[in-house]
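Data block below; observations after.
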Amino acid sequence: MAEVFPIQLGIGDKAPDFDLPRDGGGRIRLADFAGKPLVVYFYPKDDTTACTTESISFTALSAAFAKAGVALLGVSPDPVKSHDKFVKKHALSVPLASDEEKTMATAYGVWREKSMYGRTYMGVVRSTFLIGADGRIARIWDKVKVAGHAEAVLAAATEL
């Protein structure tokens, strides 16, 4: 898949604010994580192979992230109802935000043009952001390959 719009956020930039509905009801905001490092992973769609593997991997390491004082958040354009089913089906413990309007994905530069099998379309490019306790971007993983990704993010997060 080829993306034509690069992520425009850089290391040290202030993380864009967000306020989105989340699985289980309620809302989730950047302010909820003030003073605490946060990993935000964007994924294209609930219950697809790579997205499921990625979410299960972050769930499996959630205790290690918590021990390191790092919060986790998954974000996709799926509605809350889809997130609730996804969480239940795979026993996920990571909170999932519903970005149906793609406002957060756009602000973080992950809603981009993609192409597959000769077809061009807009979609979420699998990406992860490590936000420091100061609210600034500490690390960006763009066009993520799922295998070993959660472990690499944990290693980087523990170095903050």
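In my numbering, the protein residues as written are 69 to 228. Here a beta-carbon is modelled for each residue, glycine too, at the ideal position from N, C-alpha and C.
Query                                                                                                                                                   : Result
Comparing alpha-carbon positions, which option in K156, I199, K82, L164 lies nearest P145?                                                              : L164
Less than 8 Å between C-beta atoms, sequence neighbours within five positions excluded: which residues of the same chain meet that for F73?             : Note that F73 scores 49 on pLDDT, short of 50, meaning its location in the model is unreliable and no value can be drawn from it.
In the structure shown, what three-state DSSP assignment does K113 receive?                                                                             : coil
Can you name, in chain order, every residue of its own chain whose Cβ lies under 7 Å from the Cβ of K113, other than the five neighbours on each side?  : C119, S144, D146
Measure the alpha-carbon distance for D81 versus A224 and round it to whole angstroms.                                                                  : 17 Å
Once you ignore the five residues that flank T121 on each side, which residues in its own chain have a CB closer than 7 Å to its CB?                    : V214
On a Cα-Cα basis, can you pick out the residue from L198, Y189, K211, K157 that is closest to K104?                                                     : L198
Let me know the alpha helix (DSSP H) ranges lying completely inside the segment 144 to 191, each 4 residues or longer, listed in chain order.           : 148 to 158, 171 to 175
Which residue comes first and which comes last in the beta strand (DSSP E) that contains L44?                                                           : With the chain running from 69 to 228 in the structure shown, residue 44 is simply not present.
Per DSSP, what are the beta-bridge partners of P89 in this structure?                                                                                   : R95
Does the count of Cβ pairs from the segment 94 to 104 and the segment 188 to 203 closer than 8 Å reach three?                                           : yes
Please confirm whether A128 and A220 have their CB atoms less than 9 Å apart.                                                                           : no
Would you kindly report the start and end of the unbroken beta strand (DSSP E) that includes A131?                                                      : No beta strand (DSSP E) contains A131, which is instead part of the alpha helix (DSSP H) from 130 to 135.
What residue from V148, A159, F126 has the CA that sits closest to G92's CA?                                                                            : V148
Using only alpha-carbon positions, find the residue among L222, S195, R90 that is nearest to H151.                                                      : R90
On the premise that F110 lies in contact with L192, defined as a C-beta separation below 8 Å, what is that separation, rounded to the nearest angstrom? : Checking the sequence shown, residue 192 turns out to be Val, not Leu. With 8 Å as the limit, V192 and F110 qualify as a contact, their Cβ atoms being about 5 Å apart.
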